[in-house]
């Protein structure tokens with residue numbers, strides 16, 4: 004019989020590699036060159052403008068976190084890896100963000116729009132009070148959420164004051180209608 008001795012430092016190194024979670028990145032289908040219909044311009048402003056239901060400038064006015072049952076749930080830290088908000092494995096299905104529409108470039112959104120951000124690597128976090136340029140699409144989420152307006156985190160949505168070039172392109176695209 005062979006006795007296996009593992010040095011404590013080697014054990015800890017293996018344990019750390021196996022058990023310490025890594026930060027995952029969202030899967031962005033528009034960047035996946037293995038897909039048969041890959042389009043390198045998928046995330047260009049004109050392409051995202053075309054596939055968006057709404058393109059708006061909006062202000063974030065409310066954040067509501069949802070438990071796994073889809074009902075509002077008060078945030079209760081601690082969260083995964085000491086984060087300030089839930090991450091993937093925390094017991095929240097996602098969050099609703101209510102935004103007030105300031106300016107519309109495409110579509111006919113209501114004055115207040117509720118966006119859903121699922122608690123996965125495709126999540127987006129919005130700060131209440133922030134003014135944004137956003138490209139809104141409808142997406143089907145698992146029950147109990149269903150079809151909801153959302154943002155593509157791989158796209159061109161951003162803080163309004165950081166997106167002057169994008170706003171200029173959006174205004175040009177909107178004027179062509």
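Residue numbers (our numbering): 4 to 180.
Ideal Cβ positions, reconstructed from N, Cα and C, are used throughout, including at glycine.
Sheet register partners of residue i (DSSP bridge)
i           : result
residue 133 : Paired residues: none, contrary to the question.
residue 59  : 107 and 137
residue 66  : 100
residue 161 : 136
Alpha-carbon spacing of residue i relative to residue j, whole angstroms
i           : j           : result
residue 35  : residue 157 : 12 Å
residue 79  : residue 73  : 16 Å
residue 118 : residue 92  : 21 Å
residue 52  : residue 59  : 10 Å
residue 85  : residue 162 : 26 Å
residue 50  : residue 138 : 11 Å
residue 135 : residue 42  : 26 Å
residue 44  : residue 159 : 12 Å
residue 177 : residue 46  : 17 Å
residue 123 : residue 94  : 11 Å
residue 108 : residue 81  : 40 Å
The beta strand (DSSP E) enclosing residue i, as first and last residue numbers
i           : result
residue 115 : 115 to 121
residue 98  : 95 to 109
residue 152 : 149 to 154
The alpha helix (DSSP H) enclosing residue i, as first and last residue numbers
i           : result
residue 169 : 167 to 178
residue 50  : 48 to 54
Nearest residue (CA-CA) to residue i, options the options
i           : options              : result
residue 56  : 113, 30 and 37       : 113
residue 141 : 151, 54, 177 and 101 : 151
residue 164 : 38, 61, 81 and 107   : 61
Nearest-angstrom beta carbon gap, residue j and residue i [assumed within contact, 8 Å]
i          : j           : result
residue 63 : residue 130 : 6 Å
residue 98 : residue 66  : 6 Å
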